[in-house]
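**Q** Here it is, the structure, as structure tokens.
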Amino acid sequence: MQFPTTRASVHVLKNGLTVILDTDHTAPVISTQAWVETGSVHEGKHLGAGISHLLEHMVFKGTESYDGPELSDTVQAAGGEWNAYTTFDRTVYYIDGPAESAETFLKVLTEMVFKPSFPIEEFEKEKDVIRREIDMGLDDPDDQNGRLLYSTAFAHDARRQPVIGHKELFDQLTHDDMVDYHRQRYTTENTFLSISGDFDKGEMLSFLEEINSNITRSFTYPATVPMEPEQQGQRHRSNRFAIPASKLTLAWQVPSLEHTDAPALDLLATILGAGRSSRLYQNIREKRGLCHHIGAWSMIGPESHGLFAVSAIVDSDKRDELRDVILDEIGKLVDSDFAEEIQKATRMALVSQFRTLTTASGRASDLASNWHETRNLNFTKDYMDLLSAVTPDDLKRVAHHHLTSSKLTITSLDPETTDESSPTKEAASTRGTLTTHTLPNGLTIVTQRDTRLPTVSITIATLAGLPSETLENSGINSLLGKLIPKGTSTRSAEEIATTMDTMGANFGVSCGNNTTLTSASCLSPDLDPTLEILADLFQNPTLPEDALDREREAMIAGLREQAEDPLSVAFKKLRPSLFGQQRYGLNASGTEESL
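Heads up: the sequence shown is residues 171 to 765, going by the working numbering.
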């Protein structure tokens, strides 16, 4: 099964603005996205101040034709959902909604990007909003853990600076600074539109030319982006924070997306740490119970060095032992037999990419990302082909060459009571109608056929939530949900995880206020074995006692982490004040005593 070739096309308007058009008439919806190719790494003399993020906020305050409230009212009246985000290398604005509102969405988007009014009376107000965001980030352990890693792994690269900026530098930004930055970077040559959904291509191009007729081509001021040199030795750094367990990260400097080793490194990260059957999850969490969470990931983009990382949450007294065990697992890679794991990891990547095609927003984002990184709309397909060509010898070679001691950065964010020592060492088909069936045993099944992609999504909803719990057994449904995947009378947890991962399928159990949801997704040819596993898990779980103890400890660790998050604490106190110490007044994760 191969990833499809895109049907999208690229067009350049008279003013130099590039437009990506992807027509899909299967549903009357549209996603309109404006990608400005500027982010925190392009801020030049303002590097580290967060001016890109500030500008993203300010464009919502009004344009040439709309003031701030009118912008919001116009989008909402047209049925749109809008938002924006800023990253290291781009700022993206998007509006999704009914296809009949496409012209409204695009007029709003183009004015926001090219004709913002930047009302000066809103400038300090919005800076106060962002100051609160900065403060929230300083109180967020995940945010601080990320900053610790990037500022250590990158000595010169601009990614060592937070996208939102440092408050001391942010406070120095003026209204004129923002206007100048917009003039230099928000140009037609440095921006493109990505549009996917139900529209006529010819009519869309004519409309885009019309609304861009008063937007002229202008100079794009190039930004000097500091480049990271080759790492020449290990780096270590640890900080302390009000958290119950350590956040340990081992990250290796790896080459950029253009390097021929990039696909093998991405695949190796999947084999190591994606899915319940991954090496690290099975060998370290499940079999040894050495950590609460562990996974591997890769961040490989164009032009600049990337990172290959293993991240874990571990009790602080086991941190150094875990570090050594991870390094031992990395050392074993050069002598490993990857034959079966390659097939599983490649399928997981393929299924993940197929899922992006299920919505107009996903398609528009995928096309835009391809264009932004490579100027090749078919890059996703091409990269899937490269992943499929990776061999076991390729994986051994990249592990030997890139995952070396001299390219390693080790960071840990530790509890405040921990010693301060650093850790060392496309087919377009119509959707079917919703159909309800009731089986002889009373089970109700709701189905909807959708043949656009070869994927299936399954959810089993059980009326098992907060109303069925008491103060004494609070959290029992969430704990049960974590134990269900741990094996059945005929299948071990590892066998289930391996089978699902080999198919590229995924599944999980989540407990909400009223229901417990057992969900899975898979490729169409794998529907029968996926349903068989779900049925087995649902009807014949073994709920092993050793897993009960392990998952109970993990939930308690999660509760202690929640206790350090102001928003979680606020909700925890709000619930019983509204509903009492019962039903919706309880915490779905329970308490340490009830667990």
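Heads up, the beta-carbon is just placed ideally off N, CA and C, and yes, glycines get one too.
Counting Cβ pairs, one atom from each stretch, are 3 or more of them under 8 Å apart for the segment 203-220 and the segment 650-659?
**A** Result no; under three Cβ-Cβ pairs closer than 8 Å.
**Q** By DSSP's criteria, G476 is part of a beta bridge. Which residues make up the other side?
**A** Counting from 1 along the sequence shown, the entry for residue 476 is found at position 306. V424, per the DSSP bridge assignment.
**Q** Quick one: what's got a C-beta closer than 7 Å to A598's C-beta in the same chain, skipping five residues either side?
**A** One-based indexing of the sequence shown puts residue 598 at position 428. In this prediction, A598 scores a pLDDT of 40, lower than 50, which makes its location untrustworthy; the coordinate-derived value is nonetheless stated afterwards. Answer for A598: D194, H195, T196, R622, listed in chain order.
**Q** Give me the DSSP bridge partner(s) of T632.
**A** Counting from 1 along the sequence shown, the entry for residue 632 is found at position 462. T632 is bridged to T686.
**Q** Using DSSP with H/G/I as helix, E/B as strand and the rest coil, what is L418?
**A** Translated into the one-based positions of the sequence shown, residue 418 becomes position 248. DSSP places L418 in strand when its eight states are reduced to three.
**Q** Determine the contact status of D310 and D735, defining contact as a CB-CB distance below 9 Å.
**A** Counted from its first residue, the sequence shown places residue 310 at position 140. Counted from its first residue, the sequence shown places residue 735 at position 565. For D310 and D735, yes; Cβs fall inside 9 Å.
**Q** Does DSSP put Q452 in a helix, in a strand, or in coil?
**A** By 1-based counting over the sequence shown, the position of residue 452 is 282. Q452 falls in the helix class under three-state DSSP.
**Q** Which residues bound the beta strand (DSSP E) around S222?
**A** The residue given as residue 222 occupies position 52 in the sequence shown. It is not in any beta strand (DSSP E) - S222 instead sits in the alpha helix (DSSP H) that spans 221-228.
**Q** Which same chain residues, not among the five before or five after E220, have their C-beta less than 6 Å away from its C-beta?
**A** By one-based count along the sequence shown, residue 220 stands at place 50. The question names Glu, but residue 220 is Gly in the sequence shown. Around G220: I334, G335, F340.
**Q** Do A254 and E226 come within 9 Å of each other at the CB atom, strictly closer than that value?
**A** As a working note, residue 226 is residue 56 in the sequence shown. As a working note, residue 254 is residue 84 in the sequence shown. In contact: E226 and A254 (Cβ atoms closer than 9 Å).
**Q** From L224, A667, L279, pick the residue whose C-alpha is nearest to that of G250; which is it?
**A** By one-based count along the sequence shown, residue 250 stands at place 80. For the residues L224, A667, L279, the minimum Cα distance to G250 belongs to L279.
**Q** Just mark T594 as buried or exposed, buried being the case when its beta carbon has 16 or more other beta carbons within 10 Å.
**A** Taking the sequence shown and counting its residues from 1, the one referred to as residue 594 is at position 424. Because T594 carries a pLDDT of 49, less than 50, the predicted location of this residue cannot be relied on, and the following value inherits that uncertainty. So T594 counts as exposed.
**Q** By the DSSP assignment, the alpha helix (DSSP H) with P311 in it spans what residues?
**A** The sequence position of residue 311 within the sequence shown is 141, counting from 1. Taken as a continuous stretch (DSSP letters only), the alpha helix (DSSP H) holding P311 covers 311-323.
**Q** Go ahead and pull the three-state DSSP assignment for I304.
**A** Numbered from its first residue, the sequence shown carries residue 304 at position 134. If DSSP states are grouped into helix, strand and coil, I304 belongs with the helices.
**Q** To test your reading of the DSSP string, which unbroken beta strand (DSSP E) runs of 3 or more residues are found completely within the segment 455-535?
**A** Whole beta strand (DSSP E) segments, 3+ residues: 463-469, 476-484.
**Q** What are the uninterrupted segments assigned as beta strand (DSSP E) that are 3 or more residues long and contained completely in the segment 259-291, given in chain order?
**A** The segment 259-291 contains these whole beta strand (DSSP E) runs: 261-268.
**Q** Rounded to the nearest angstrom, what separates P289 and G238 at their Cα positions?
**A** In the sequence shown, counting from the first residue as 1, residue 289 sits at position 119. In the sequence shown, counting from the first residue as 1, residue 238 sits at position 68. Approximately 9 Å, taken between the alpha carbons.
**Q** Given C681, which residues of its chain have a CB within under 7 Å of its CB, disregarding the five upstream and five downstream residues?
**A** The count along the sequence shown starts at 1 and reaches residue 681 at position 511. Counting only Cβ-Cβ distances below 7 Å, and skipping sequence neighbours, we find G635, N647, S648, G651, A758.
**Q** On the criterion of 16 or more Cβ atoms from any shown chain inside 10 Å, does P286 qualify as buried, or is it exposed?
**A** Within the sequence shown, the letter at position 116 stands for residue 286. Classification for P286: buried.
**Q** Rounded to the nearest angstrom, what separates V769 and A432 at their Cα positions?
**A** This structure gives no information on residue 769, because the portion of the chain shown stretches from 171 to 765.
**Q** Should I580 go down as buried or exposed, given a rule of 16 or more other Cβ atoms within 10 Å for buried?
**A** Your numbering for residue 580 matches position 410 in the sequence shown. The residue is buried, with at least 16 neighbouring Cβ atoms inside 10 Å.
**Q** Quick one: residues in its chain with C-beta nearer than 7 Å to the C-beta of R329, no 5 flanking neighbours on either side, listed in chain order?
**A** Here residue 329 is taken as the residue at index 159 of the sequence shown, counted from 1. Cβ neighbours of R329 beyond the five flanking positions: V211, F258, Y320.
**Q** Would you kindly report the start and end of the unbroken beta strand (DSSP E) that includes L578?
**A** One-based indexing of the sequence shown puts residue 578 at position 408. First-last of the beta strand (DSSP E) with L578: 578-585.
**Q** Quick check: the segment 438-453 against the segment 421-430, are there 3 or more CB pairs under 8 Å?
**A** Verdict: no, contact absent.
**Q** Helix, strand or coil for N540? Go by DSSP, reduced to three states.
**A** Locating residue 540 in the sequence shown gives position 370, where the first residue counts as 1. Three-state DSSP puts N540 in a helix.
**Q** Can you tell me the Cα-Cα spacing of T587 and T544, whole angstroms?
**A** If you number the sequence shown from 1, residue 587 lands on position 417. If you number the sequence shown from 1, residue 544 lands on position 374. The straight-line gap from Cα to Cα measures roughly 47 Å.
**Q** Could you check what DSSP says for A412 in three-state terms: helix, strand or coil?
**A** Residue mapping note: residue 412 aligns to position 242 of the sequence shown, counting from 1. Note: A412 maps to coil in three-state DSSP.
**Q** My parser needs the beta strand (DSSP E) runs of 3 or more residues fully inside the segment 184-245; what are they?
**A** Qualifying beta strand (DSSP E) stretches, in chain order: 188-193, 199-206.
**Q** Report yes or no: do the segment 536-543 and the segment 384-391 share at least 3 C-beta pairs separated by less than 8 Å?
**A** At 8 Å Cβ cutoff, the stretches do not touch.
**Q** Within 10 angstroms of its Cβ, does E590 collect 16 or more other Cβ (buried), or is it exposed?
**A** Here the question's residue 590 lines up with position 420 in the sequence shown. At E590, the pLDDT of 49 sits below 50, so the modelled position is not reliable; the number obtained from the coordinates is stated separately. With fewer than 16 Cβ atoms within 10 Å of its Cβ, E590 is classed as exposed.
**Q** Any chance you could list the beta strand (DSSP E) runs of at least 3 consecutive residues sitting entirely within the segment 653-713, in chain order?
**A** Runs found: 676-681, 686-693.
**Q** Starting from A724, follow the alpha helix (DSSP H) in both directions and report where the run begins and ends.
**A** Numbered from its first residue, the sequence shown carries residue 724 at position 554. Looking at the DSSP string, the run of the alpha helix (DSSP H) that includes A724 is 715-732.
**Q** With a cut-off of 8 Å, do at least 3 Cβ pairs link the segment 363-378 to the segment 268-275?
**A** At 8 Å Cβ cutoff, the stretches touch.
**Q** Tell me which residues share the same chain as L217 and place their Cβ nearer than 7 Å to its Cβ, disregarding the 5 neighbours each side in the sequence.
**A** The sequence position of residue 217 within the sequence shown is 47, counting from 1. So the qualifying residues of the chain are A328, Q331.
**Q** Can you tell me whether A509 is buried or exposed, with buried defined as 16 or more other CB within 10 angstroms of its CB?
**A** Here residue 509 corresponds to residue number 339 of the sequence shown, with the count starting at 1. When all chains shown are included, A509 counts as exposed.
**Q** Taking all protein chains shown into account, decide if I615 is buried (16 or more other Cβ within 10 angstroms of its Cβ) or exposed.
**A** Your numbering for residue 615 matches position 445 in the sequence shown. Exposed, because fewer than 16 other Cβ atoms sit within 10 Å of the Cβ of I615.
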